[in-house]
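Protein chains in written order, with the numbering used here: chain A, 1 to 115; chain B, 1001 to 1113. For every residue, glycine included, the Cβ atom is placed at its ideal position computed from N, Cα and C.
What follows is the structure, encoded as C-alpha cells:
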C-alpha cells in the first residue's frame, strides 16, 4: 500500500462552520505534512508532524488546527474560515522524519470552498 | 532561505519533440533537488531527485535532469514527449538536514499532436 488517502475530496463550508479534513497512510511513514495549493500556484507548506509531534508550523492562522491522533492519521480542523482560504489541501507523508532525502507521497487532496 | 525559480510558466511542444523545463535555485547551504509532476485533479508524484553523486539523474519514464552547481540549475529534459506527459511540473528544493520542501511556481507542459 503506497497510498495517502484524503477525505473528503470536496468540501463546501460557510464561514461559521466547523469541519475537518482527514488524511491516512499505512506505509509506516514517520512524518506527515499539510500543504495548501491555490489555483495555478505551487503547494505551500502549512504543518509538519514528526513522530506524531508538531515539528513545523509555518505561521498558519489559528483557524486551522492540525491534529495527529496516531502515526497513520492526520487531521486538519477548520473553524471560522475566510473565502480566501478556498484551496486544494494536500496531505503528504515521508519515510524519514528529519531531512527530506526521499519521496514525499501526496494524496489527491481535499478541495475546499468557503462561502 | 532557499528559493526556486522556474523560468517558464507554460511550455507548449509538439508530440515527439524534445523539451527542457528550466529550474534555478538559490541557497547558501547544501540542498537536495527534486522534480514533481502533477496531473490534472491529482496530487503530486516524484519524478526524480538529486541528493549527491552523479549529477545526471533519470526517471523511469524517460525524463532526466542534470544538477549544475556552478549555475545553480536543475533543468528537466526529455528527448521525445508524449501526449500523456501533459501536466504541471514542479521543481523543489530542501535544505540538507531540514524538513521543509519548497516548490517553484510550476511549469505547465502542453503537448500538441
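Residues near residue i by beta carbon distance below 6 angstroms, same chain, minus five either side
i, result
"residue 118(A)", "In the structure as shown, chain A begins at 1 and stops at 115. Residue 118(A) is therefore absent and cannot be evaluated."
"residue 1072(B)", "1024 and 1025"
"residue 1010(B)", "1108"
Rounded separation between residue i and residue j - CA only
i, j, result
"residue 96(A)", "residue 60(A)", "23 angstroms"
"residue 1034(B)", "residue 1044(B)", "12 angstroms"
"residue 69(A)", "residue 20(A)", "13 angstroms"
"residue 1030(B)", "residue 50(A)", "22 angstroms"
"residue 1074(B)", "residue 1032(B)", "10 angstroms"
"residue 1005(B)", "residue 75(A)", "31 angstroms"
"residue 46(A)", "residue 1013(B)", "34 angstroms"
"residue 1104(B)", "residue 42(A)", "6 angstroms"
"residue 1053(B)", "residue 1067(B)", "10 angstroms"
"residue 22(A)", "residue 1070(B)", "43 angstroms"
"residue 7(A)", "residue 86(A)", "16 angstroms"
Under 7 angstroms by beta carbon: chain B residues contacting residue i
i, result
"residue 12(A)", "What residue 12(A) touches in chain B: nothing, since even the nearest Cβ is about 17 angstroms away."
"residue 48(A)", "1099"
"residue 42(A)", "1090, 1103, 1104, 1105 and 1106"
"residue 74(A)", "Result: empty, since nearest Cβ-Cβ is about 14 angstroms, beyond 7 angstroms."
"residue 64(A)", "Those within 7 angstroms of residue 64(A) in chain B number zero; the least Cβ separation is about 17 angstroms."
"residue 107(A)", "1043"
Within chain B, partners of residue i - CB distance below 9 angstroms
i, result
"residue 113(A)", "The premise fails here: residue 113(A) is roughly 15 angstroms from chain B at the closest Cβ pair, so nothing lies under 9 angstroms."
Cβ-based neighbour list, residue i, same chain, cut-off 8 angstroms, excluding 5 preceding and 5 following
i, result
"residue 1063(B)", "1035, 1047, 1048, 1076, 1077 and 1078"
"residue 72(A)", "24, 25 and 26"
"residue 83(A)", "15, 114 and 115"
Identity of the residue in the options nearest residue i by Cα
i, options, result
"residue 1111(B)", "1004(B), 1083(B) and 1051(B)", "1083(B)"
"residue 101(A)", "1020(B), 1092(B), 1014(B) and 1080(B)", "1092(B)"
"residue 1102(B)", "1022(B), 1058(B), 1040(B) and 1027(B)", "1027(B)"
"residue 52(A)", "93(A), 35(A), 107(A) and 43(A)", "93(A)"
"residue 1085(B)", "1050(B), 1019(B) and 1001(B)", "1019(B)"
"residue 54(A)", "28(A), 44(A) and 33(A)", "33(A)"
Residue i Cβ short of 7 angstroms to the ligand ZN heavy atom set
i, result
"residue 1062(B)", "No copy of the ligand ZN occurs in the structure displayed, which carries no ligand at all."
Quiz prompt | Inside the segment 1042-1075 of chain B only - beta strand (DSSP E) runs reaching at least 3 residues | solution = 1044-1050, 1056-1058 and 1064-1068
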